[in-house]
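In order, the protein sequences belong to chains A and B.
Sequential numbering from 1 applies to the first sequence in this note's numbering.
Sequential numbering from 1 applies to the second sequence in this note's numbering.
By construction, the Cβ of each residue, glycine as well, lies at the ideal position given by its N, Cα and C atoms.
Since this is a predicted model, take the numbers as computed values, not measurements.
Here the structure comes first, spelled out in structure tokens, and everything after it is commentary.
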Amino acid sequence: MSARPQRAITGGQGLRVVKGRSRSKRPAVAPWMIMALVGITAFLGLGFARTSLDKSAFDLAELDRAIAEQTDINRELRLEIAQLENPAHIAPLAEEMGLVIPRETRQLLVDLDPTSPRIVRADDGEGTQ
Amino acid sequence: MAAITAGKKWDPSRARLALMGVVLLMAWGVVAWRLVDVQIITAPEVADKGLEQRLVIRDLPPQRGKIFDRNGDLLAMTVESQSLYAVPAQVEEPLYVAQQFGSFLGVDPDLLYERLTSDKDFVYIKRQVDSATAEELLALEVLGVYSLPEPARVYPAGDVASHITGFVDIDGIGQEGLEIVYEEALRGVPGRAKFERDLAGRVIPQGENNIVPAVPGFDLNTTIDLPLQYQAQQACMKAIKKPVNAASCWVVVLEVETGEILAMTGAPTFDPVTKQTSDGEPFSNFAVRGVYEPGSTEKLITVAAALEEKTVSVSSVLPNIADVLELREDACRSADDDLYGCYRDFDEHETRDMTVRDIFVLSSNVGTIKVAETLGQSRLIDYIKAFGLGSPTGVDYTAEAPGILNFAAGCETCWASAAIGYSVAATPLQMAAAYAAIANDGTWITPHLVASQTDADGTTQMAGPVTRQVVSEETARLMRELLAGVVDVGTGTNAQVEGYRVGGKTGTANILGSDGRYTDATRASFVGMAPIDDPKVVVAVLIDSPSFKYRTGGASAAPVFAEVMEQALHRLGVTPDGIE
Numbered sequence: 001m002s003a004r005p006q007r008a009i010t011g012g013q014g015l016r017v018v019k020g021r022s023r024s025k026r027p028a029v030a031p032w033m034i035m036a037l038v039g040i041t042a043f044l045g046l047g048f049a050r051t052s053l054d055k056s057a058f059d060l061a062e063l064d065r066a067i068a069e070q071t072d073i074n075r076e077l078r079l080e081i082a083q084l085e086n087p088a089h090i091a092p093l094a095e096e097m098g099l100v101i102p103r104e105t106r107q108l109l110v111d112l113d114p115t116s117p118r119i120v121r122a123d124d125g126e127g128t129q
Numbered sequence: 001m002a003a004i005t006a007g008k009k010w011d012p013s014r015a016r017l018a019l020m021g022v023v024l025l026m027a028w029g030v031v032a033w034r035l036v037d038v039q040i041i042t043a044p045e046v047a048d049k050g051l052e053q054r055l056v057i058r059d060l061p062p063q064r065g066k067i068f069d070r071n072g073d074l075l076a077m078t079v080e081s082q083s084l085y086a087v088p089a090q091v092e093e094p095l096y097v098a099q100q101f102g103s104f105l106g107v108d109p110d111l112l113y114e115r116l117t118s119d120k121d122f123v124y125i126k127r128q129v130d131s132a133t134a135e136e137l138l139a140l141e142v143l144g145v146y147s148l149p150e151p152a153r154v155y156p157a158g159d160v161a162s163h164i165t166g167f168v169d170i171d172g173i174g175q176e177g178l179e180i181v182y183e184e185a186l187r188g189v190p191g192r193a194k195f196e197r198d199l200a201g202r203v204i205p206q207g208e209n210n211i212v213p214a215v216p217g218f219d220l221n222t223t224i225d226l227p228l229q230y231q232a233q234q235a236c237m238k239a240i241k242k243p244v245n246a247a248s249c250w251v252v253v254l255e256v257e258t259g260e261i262l263a264m265t266g267a268p269t270f271d272p273v274t275k276q277t278s279d280g281e282p283f284s285n286f287a288v289r290g291v292y293e294p295g296s297t298e299k300l301i302t303v304a305a306a307l308e309e310k311t312v313s314v315s316s317v318l319p320n321i322a323d324v325l326e327l328r329e330d331a332c333r334s335a336d337d338d339l340y341g342c343y344r345d346f347d348e349h350e351t352r353d354m355t356v357r358d359i360f361v362l363s364s365n366v367g368t369i370k371v372a373e374t375l376g377q378s379r380l381i382d383y384i385k386a387f388g389l390g391s392p393t394g395v396d397y398t399a400e401a402p403g404i405l406n407f408a409a410g411c412e413t414c415w416a417s418a419a420i421g422y423s424v425a426a427t428p429l430q431m432a433a434a435y436a437a438i439a440n441d442g443t444w445i446t447p448h449l450v451a452s453q454t455d456a457d458g459t460t461q462m463a464g465p466v467t468r469q470v471v472s473e474e475t476a477r478l479m480r481e482l483l484a485g486v487v488d489v490g491t492g493t494n495a496q497v498e499g500y501r502v503g504g505k506t507g508t509a510n511i512l513g514s515d516g517r518y519t520d521a522t523r524a525s526f527v528g529m530a531p532i533d534d535p536k537v538v539v540a541v542l543i544d545s546p547s548f549k550y551r552t553g554g555a556s557a558a559p560v561f562a563e564v565m566e567q568a569l570h571r572l573g574v575t576p577d578g579i580e
């Protein structure tokens with residue numbers, strides 16, 4: 001759309017070249033818009049990244065707390081197991097149930113003959129297959 | 001033209017606008033200056049102040065190591081507890097709180113009331129309460145009562161292993177037993193956390209966050225067998241009840257080849273929570289710290305030394321062994337004269353020739369002194385020391401007693417007394433270690449309680465025990481045969497264990513009174529091993545002040561020995577050797 005000078009018409013006395021009105025150049029908007037867009041995007045991106053990091057950190061802290069809690073529970077359960085397994089705890093219960101520590105052991109001597117393994121001597125002296 | 005005309009007149013609205021403009025400008029100027037001041041000029045100082053407010057530095061206490069028995073059963077561990085405290089100024093009804101909380105927590109209400117009405121900012125109601133109890137009390141929502149978490153040491157095996165583990169104080173620092181011996185290893189290394197937090201106390205994620213984690217303490221893997229420890233304790237408990245009615249009973253069980261202590265316990269028992277024995281006495285461990293005159297159990301050393309030095313043989317006959325021996329003229333003026341050179345056998349008998357075997361099996365004091373005479377004082381003392389008497393065994397336990405060797409210069413009869421277990425004093429552990437040397441073909445091994453330590457990097461075995469050859473294999477074998485004779489036909493028949501050949505020696509020593517004379521009260525002991533041909537276990541039993549009927553080692557200590565030895569052999573899965 002730039003003004004182009006009209007070709008001079010030969011012989012036309014009444015015609016002259018008129019200098020057109022100078023028009024100011026339109027500012028280049030596109031680079032600024034791109035820069036602004038990049039800036040906004042970067043700002044938003046940074047904000048998003050920061051928020052994500054913070055969220056992850058909070059999640060991590062929450063997990064740490066949960067781990068600590070579970071570890072405490074685990075310790076308490078281990079303690080409970082150890083207390084329940086304590087012979088001093090089991091022995092009276094066993095006694096209540098009528099169980100006793102075997103005092104008289106029974107010795108078995110085994111003949112390891114592969115064809116006919118057998119007990120050749122028990123305390124009562126009887127041999128059994 | 002109109003505007004110009006108007007401009008020339010005083011226009012108050014324009015003036016106000018101008019004034020406002022100036023004021024605004026100045027305000028913005030102040031703001032701008034403050035911005036420059038805060039952001040540039042005093043920025044570092046302000047930043048530091050802010051950081052100071054947000055920054056928290058905390059010590060991270062390490063988790064104290066656990067203590068396990070040889071099967072991996074827990075003997076001691078640390079759990080999280082709650083310590084209840086109060087801010088006295090906030091407590092509205094101190095009397096109510098003192099009565100309710102005091103009775104519930106077992107704290108003296110008067111003492112608690114005194115605390116709650118003090119002018120302090122912080123008082124403990126009770127430290128290290130279990131979490132459930134604390135929650136229950138906090139649910140009452142009593143004003144001014146709070147809790148804070150605190151680690152607490154607990155002993156799941158209760159009083160069964162308390163003589164081994166010992167205990168810690170309220171701040172978790174070892175005070176007795178393994179807890180103090182291995183304090184440094186168990187304690188761990190504290191960490192340090194440096195972080196920023198917001199007003200609500202939450203960690204600021206992107207803030208400064210520097211954590212040096214605490215290093216947990218080592219776990220100790222002991223040599224103790226908890227079920228056997230329990231059996232030994234139960235056997236001892238019987239001895240302090242009627243009819244034996246002893247003042248105390250102590251048992252040590254050693255594994256022969258390794259010197260590992262499988263059990264070490266006693267009665268009365270010790271509660272690691274109340275930190276008192278069942279008699280209300282403070283902690284003691286006579287097995288390591290108590291010394292007693294071992295009496296006839298010491299004859300093992302005398303006879304072994306003589307056999308090793310070949311001054312006698314097992315079948316050597318010593319002539320004219322009476323039941324009384326005077327080493328000083330007129331030492332035995334009366335039946336009560338048992339000091340300064342008068343020695344009597346436990347039972348009266350006619351003077352006769354006796355073999356070394358008979359002397360040992362029948363536990364003749366006079367005969368043993370005659371055997372020691374062939375050896376000489378110097379060599380006898382050397383062997384007593386070689387068997388570990390008179391110096392600590394080196395067991396990993398605190399305040400071990402070295403024992404006493406009384407060979408004062410000029411003492412003419414001390415050597416004879418020492419030959420039969422007087423004039424020397426030893427701990428039950430020393431006697432067990434001495435017998436273990438005979439069981440272990442003449443090699444003495446340091447008894448020990450901890451086999452290894454475990455941390456995050458794995459398990460570290462403890463340094464091997466000290467060993468030394470004190471007598472030859474042959475002498476040890478001969479001594480084992482003599483010990484078997486004591487149990488088969490001698491003074492220790494109550495120590496027999498069905499299915500196994502057992503060897504051992506009884507000991508009965510009168511207790512020295514405060515007037516320097518021996519009293520009628522005795523310390524009865526039995527130390528023995530099984531199976532006798534290839535011993536795996538040594539058990540030492542000491543009964544302090546049993547009733548008169550049970551005053552001898554054969555009557556009171558031997559049955560406890562038999563019970564403990566039987567369980568030890570079963571626990572270790574030792575094949576019976578006593579089947580005919």
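Can you list the residues of chain B that G92 (chain A) reaches, using a CB-CB cut of under 9 Å?
Sequence check: residue 92 (chain A) is Pro here, not Gly. What P92 (chain A) touches in chain B: nothing, since even the nearest Cβ is about 11 Å away.
I need the boundaries of the alpha helix (DSSP H) containing F561 (chain B), first residue and last residue.
That run of the alpha helix (DSSP H) goes A558 to L572.
Using DSSP's beta-bridge definition, name the partner residues of A152 (chain B).
B:V79.
Based on the DSSP output, what are the partners of T115 (chain A) in its beta bridges?
Beta-bridge pairing links T115 (chain A) to no other residue.
Judging by CA-CA distance, which residue of B:R523, B:R477, B:L55 and B:P576 is the nearest neighbour of P205 (chain B)?
Nearest of B:R523, B:R477, B:L55 and B:P576 to P205 (chain B), Cα basis: B:L55.
Shorter than 8 Å from the beta carbon of Q128 (chain B) to some beta carbon of chain A?
No, no contact with chain A.
Would you call L19 (chain B) buried or exposed, if buried means 16 or more other Cβ atoms sit within 10 Å of its Cβ?
L19 (chain B) is exposed by the Cβ-count criterion.
Do you know offhand how far P576 (chain B)'s Cα is from V502 (chain B)'s?
Whole-angstrom Cα-Cα distance: 11 Å.
Against V79 (chain B), what residues of chain A qualify as contacts under a CB-to-CB distance less than 7 Å, listed in chain order?
The contacting residues are R75, E76 and L79.
State yes or no: is the beta carbon of A30 (chain A) nearer than 8 Å to at least one beta carbon in chain B?
So, not an interface residue.
Between the C-alpha atoms of M77 (chain B) and G65 (chain B), what's the straight-line distance to the nearest angstrom?
Whole-angstrom Cα-Cα distance: 7 Å.
One question on the structure: do Q469 (chain B) and T460 (chain B) come within less than 8 Å of each other, judged by their Cβ atoms?
Not in contact: Q469 (chain B) and T460 (chain B) (Cβ atoms no closer than 8 Å).
Taking 8 Å as the CB-CB limit, is A134 (chain B) close to chain A?
Taking Cβ atoms only, chain A never reaches closer than 8 Å to A134 (chain B), which makes this a no.
Quick one: what does DSSP say I81 (chain A) is sitting in, helix, strand or coil?
Here I81 (chain A) sits in helix by DSSP.
Buried or exposed for V97 (chain B), going by 16 or more other Cβ atoms inside 10 Å?
Burial call: buried.
Rounded C-beta distance between V312 (chain B) and T374 (chain B)? I'm assuming under 8 Å.
Yes, V312 (chain B) and T374 (chain B) are in contact; Cβ-Cβ is about 6 Å, under 8 Å.
Please identify the residue among B:E141, B:E298, B:I301 and B:I67 whose C-alpha is closest to the C-alpha of L186 (chain B).
Answer by Cα proximity: B:I67.
Let me know the alpha helix (DSSP H) ranges lying completely inside the segment 213-242 of chain B, each 4 residues or longer, listed in chain order.
Entirely contained in the segment 213-242 of chain B, the alpha helix (DSSP H) runs reaching 4 residues are, in chain order, 226-239.
Closer than 7 Å, Cβ to any Cβ of chain A: which residues of the segment 63-76 of chain B, in chain order?
Taking 7 Å as the Cβ-Cβ cut-off against chain A, the residues of the segment 63-76 of chain B that qualify are D73 and L74.
In the DSSP output, what is G266 (chain B) paired with across the bridge?
In the DSSP output, where bridge partners are listed per residue, G266 (chain B) has B:W250.
Which residues in the same chain have their Cβ closer than 8 Å to the Cβ of I224 (chain B), if we skip the five residues on either side of it in sequence?
Excluding positions up to five away in sequence, the list reads D69, R70, L75, A161, I164, I261, L262, A263, M264 and L449.
S525 (chain B) lies in the alpha helix (DSSP H); which residues open and close that run?
First-last for S525 (chain B): Y518 to A530, but that is the beta strand (DSSP E), not the alpha helix (DSSP H).
Let me check you understand the geometry: is the CB of E373 (chain B) closer than 7 Å to at least one non-hydrogen atom of the ligand COA?
With respect to the ligand COA, the structure shown offers nothing to examine, as it has no ligands at all.
Taking only the alpha-carbon atoms, compute the straight-line gap between Q229 (chain B) and E96 (chain A) and give it to the nearest angstrom.
Each residue's alpha carbon lies about 21 Å from the other.
Between which two residues does the beta strand (DSSP E) carrying C342 (chain B) extend?
Segment C342 to R344, the beta strand (DSSP E) holding C342 (chain B).
Counting only Cβ pairs nearer than 7 Å, list the residues of chain A close to P205 (chain B).
Within chain A, the residues near P205 (chain B) are L53, D54, A57 and F58.
Alpha carbon to alpha carbon, how far is Q430 (chain B) from E69 (chain A)? Give it in angstroms, no decimals.
So the two alpha carbons sit approximately 47 Å from each other.
If distances are taken between C-alpha atoms only, which option among B:K194, B:G442 and B:E141 comes closest to G388 (chain B)?
Nearest of B:K194, B:G442 and B:E141 to G388 (chain B), Cα basis: B:G442.
Could you please give the first and the last residue of the uninterrupted beta strand (DSSP E) stretch that includes G458 (chain B)?
Residues G458 to Q461.
Using a C-beta cutoff of 8 Å, does P272 (chain B) count as contacting chain A?
Answer no: the Cβ-Cβ gap between P272 (chain B) and chain A never drops below 8 Å.
Distance, Cα to Cα, A134 (chain B) vs V251 (chain B)?
Their backbone Cα atoms lie some 40 Å apart in a straight line.
Take L572 (chain B) and list the residues in its own chain whose beta-carbon comes closer than 7 Å to its own, dropping the five residues that flank it on each side.
These residues qualify, in order along the chain: K536 and V537.
Just to confirm the assignment, what range does the beta strand (DSSP E) spanning A509 (chain B) have?
Here the beta strand (DSSP E) through A509 (chain B) covers G503 to L512.
Do we get a CB-CB distance below 8 Å when we pair A562 (chain B) with the residues of chain A?
Judged by the 8 Å Cβ criterion, A562 (chain B) is not in contact with chain A.
When you compare only the Cα positions, how much space is there between F195 (chain B) and N210 (chain B)?
Cα to Cα, the separation comes out at about 6 Å.
Beta-carbon separation of S81 (chain B) and D130 (chain B) under 8 Å?
Against a cut-off of 8 Å, the Cβ pair of D130 (chain B) and S81 (chain B) comes out as a contact.
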